[in-house]
Ligand code: NAP
């Protein structure tokens, strides 16, 4: 069994030490492409979490006051160290998560880019001197690290979702207690090794695996954790929001999505199909910004369906570690059953399967990339996140109708539209109730821009200059009595 160059780490990182769970119990982690166990991680609970919070609190005292140049230097070293290990870390990511190797390489690269972005951005986190109402005063606005940060991450981007949290937290001078998803813990633990290797002080980053309720509960209840940053489902996000009330924590919530992808009659058909394939099938449809609903205008509908069907049928399904594979397995049986249930529901309500529709011949959790036409608002995927390789196509007539249908959801993360009408692009910008809007692109995430949802897709932003704000407390200082 490969130990992935020493990056397959089967221990918690607490206060600079690698340790097993207090109980000695562990959890098996499997490769979703093969069903084989790739290793075990600690089954930790509240006690280990309390120690991690204590370590982060102790480290905060000096880390928060450390020289900016020291923190920035370490972050740049961390960026370089990740890229030096890109192949190994991508192989580990594919082994635990299932995505094709090319996508895993991309995830490692964007994780590194987030670390570098925040190392750069902290240098520009300026305060203000505000004009005072009287001449004997000077009014200062200053920024300070918010404190110990709890970071809880999902299985679909186990490396880059942690990078988006570590980058701003460490740049700002915060310390971190992180809990990666149980299905994909190794990419998170790998960050711990990299952080140690480049010389971050002990306790600045602590990483624990195990019971979500116990670890999450201890993080949420602790008055010493001043901020929690969570990426995951809206359901769990709502629980954490409720739990945060007792200690009034600052929160960032990156939650679920239900992305519309609107193709207007005037779209560039080649570009729309290319964008649709990326927006739908990246990570086997398991991203929060994946298209959930295609809305296609009547005049271009049949041509778009024909092209999407052909491109979907051509996707190479297999073990993501093998060259040329474009679609790996889904994360687990529950994910497959959810897609199957949505297909059954759609067919019962008049939808037509024009491509795929079944479990893939590879067995396990592989599923045929699927296209369904004749979708309606009564079907389950109109309201629920699919999180699988299923394209649901709705037909529409007018721009107003498309915008209204796109907004008819409690989610508001990503939306896409293809049109060559510039005026319409601005109407979509005004009309779509989404935090991220791609006009003529199906892939818009970039470190330079704020990523985050509206409505029940969350609060706060990651990336961009806004991504730092949530990790800083703002103070106002009034210097009075200054007249001679
Ligand atoms: P999830 O079930 O909500 O889990 C996310 C994380 O929360 C995992 O680490 C999980 O631990 C932990 N967790 C579960 N219950 C908890 C509790 N009671 N207290 C504290 N932590 C708890 O989500 P997922 O299935 O991993 O990820 C898929 C979801 O994430 C989708 O809805 C997707 O849209 C969303 N997502 C959003 C973004 C975004 O930026 N908006 C990005 C990626 C994914 P365990 O693994 O141990 O259960």
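Residue numbers (the numbering used here): 2 to 485.
Positions of the beta carbon are idealized from the N, C-alpha and C atoms, including for glycine.
Proximity test, residue i beta-carbon vs the ligand NAP heavy atom, cut-off 7 Å
{"i": "residue 233", "result": "yes"}
{"i": "residue 459", "result": "yes"}
{"i": "residue 240", "result": "yes"}
{"i": "residue 175", "result": "no"}
{"i": "residue 157", "result": "yes"}
{"i": "residue 1", "result": "This structure cannot settle anything about residue 1, because the visible part of the chain is limited to 2 through 485."}
{"i": "residue 246", "result": "no"}
{"i": "residue 386", "result": "yes"}
{"i": "residue 181", "result": "yes"}
{"i": "residue 162", "result": "yes"}
{"i": "residue 153", "result": "yes"}
{"i": "residue 423", "result": "no"}
{"i": "residue 255", "result": "yes"}
{"i": "residue 243", "result": "no"}
{"i": "residue 304", "result": "no"}
{"i": "residue 360", "result": "no"}
{"i": "residue 53", "result": "no"}
{"i": "residue 258", "result": "yes"}
{"i": "residue 214", "result": "yes"}
{"i": "residue 93", "result": "no"}
{"i": "residue 479", "result": "no"}
{"i": "residue 46", "result": "no"}
{"i": "residue 217", "result": "yes"}
{"i": "residue 414", "result": "yes"}
{"i": "residue 99", "result": "no"}
{"i": "residue 454", "result": "yes"}
Start and end residues, beta strand (DSSP E) containing residue i
{"i": "residue 27", "result": "27-31"}
{"i": "residue 464", "result": "Note, residue 464: premise wrong, no beta strand (DSSP E); not H, not E."}
{"i": "residue 100", "result": "Looking at the DSSP string, residue 100 is not in any beta strand (DSSP E), and its letter there is neither H nor E."}
{"i": "residue 176", "result": "176-180"}
{"i": "residue 295", "result": "292-298"}
{"i": "residue 375", "result": "Here residue 375 belongs to no beta strand (DSSP E), and DSSP marks it neither H nor E."}
{"i": "residue 445", "result": "Counting along the chain, residue 445 falls outside any beta strand (DSSP E), and DSSP gives it neither H nor E."}
{"i": "residue 139", "result": "139-146"}
{"i": "residue 478", "result": "473-480"}
For residue j and residue i, believed in contact at Cβ under 8 Å, the rounded distance
{"i": "residue 294", "j": "residue 393", "result": "6 Å"}
{"i": "residue 286", "j": "residue 390", "result": "4 Å"}
{"i": "residue 156", "j": "residue 179", "result": "The Cβ separation is near 14 Å, so there is no contact."}
{"i": "residue 433", "j": "residue 416", "result": "5 Å"}
{"i": "residue 89", "j": "residue 8", "result": "6 Å"}
{"i": "residue 5", "j": "residue 92", "result": "6 Å"}
{"i": "residue 147", "j": "residue 251", "result": "6 Å"}
{"i": "residue 321", "j": "residue 34", "result": "6 Å"}
{"i": "residue 382", "j": "residue 407", "result": "Rounded, the Cβ-Cβ distance is 14 Å, inconsistent with contact."}
{"i": "residue 45", "j": "residue 211", "result": "3 Å"}
{"i": "residue 448", "j": "residue 118", "result": "4 Å"}
{"i": "residue 292", "j": "residue 277", "result": "7 Å"}
First and last residue of the uninterrupted alpha helix (DSSP H) at residue i
{"i": "residue 131", "result": "Not the alpha helix (DSSP H): residue 131 falls in the beta strand (DSSP E), residues 129-131."}
{"i": "residue 83", "result": "69-85"}
{"i": "residue 382", "result": "381-384"}
{"i": "residue 56", "result": "47-64"}
{"i": "residue 156", "result": "No alpha helix (DSSP H) contains residue 156, which DSSP labels as neither H nor E."}
{"i": "residue 187", "result": "187-198"}
{"i": "residue 171", "result": "161-173"}
Contacting residues, own chain, Cβ-Cβ under 7 Å from residue i (five flanking each side not counted)
{"i": "residue 325", "result": "317"}
{"i": "residue 340", "result": "368, 387, 389, 391"}
{"i": "residue 284", "result": "100, 104, 157"}
{"i": "residue 414", "result": "258, 260, 289, 290, 435, 436, 437, 454, 458"}
{"i": "residue 227", "result": "147, 148, 149, 250, 251"}
Spatial neighbours of residue i in its chain, beta-carbon cut-off 6 Å, leaving aside the 5 residues before and after
{"i": "residue 471", "result": "253, 461"}
{"i": "residue 357", "result": "369, 370, 371"}
{"i": "residue 205", "result": "60, 64, 176"}
{"i": "residue 421", "result": "267"}
{"i": "residue 468", "result": "169, 462"}
{"i": "residue 477", "result": "142"}
{"i": "residue 256", "result": "235, 238, 458, 459"}
{"i": "residue 196", "result": "206"}
{"i": "residue 233", "result": "155"}
{"i": "residue 53", "result": "15, 178, 207, 209"}
Same chain, Cβ closer than 8 Å to residue i, five either side skipped, listed in chain order
{"i": "residue 241", "result": "153, 217, 221, 229, 231, 252, 254"}
{"i": "residue 427", "result": "none"}
{"i": "residue 452", "result": "165, 255, 436, 437, 446, 462, 463, 464, 465, 468"}
{"i": "residue 159", "result": "94, 97, 98, 181, 182, 185, 186, 187, 188, 189"}
Residue i Cβ short of 7 Å to the ligand COA heavy atom set
{"i": "residue 184", "result": "Annotation note on the ligand COA: not contained in the displayed structure, which lists the ligand NAP as its ligands."}
Minimum length 4: unbroken alpha helix (DSSP H) runs contained in the segment 200-286: 213-222, 235-245, 270-282
Runs of beta strand (DSSP E) wholly within the segment 319-370 (minimum 3 residues, chain order): 353-356
Length at least 3, wholly inside the segment 382-439: the beta strand (DSSP E) runs in chain order: Fully enclosed beta strand (DSSP E) runs of 3 or longer: 391-397, 415-419.
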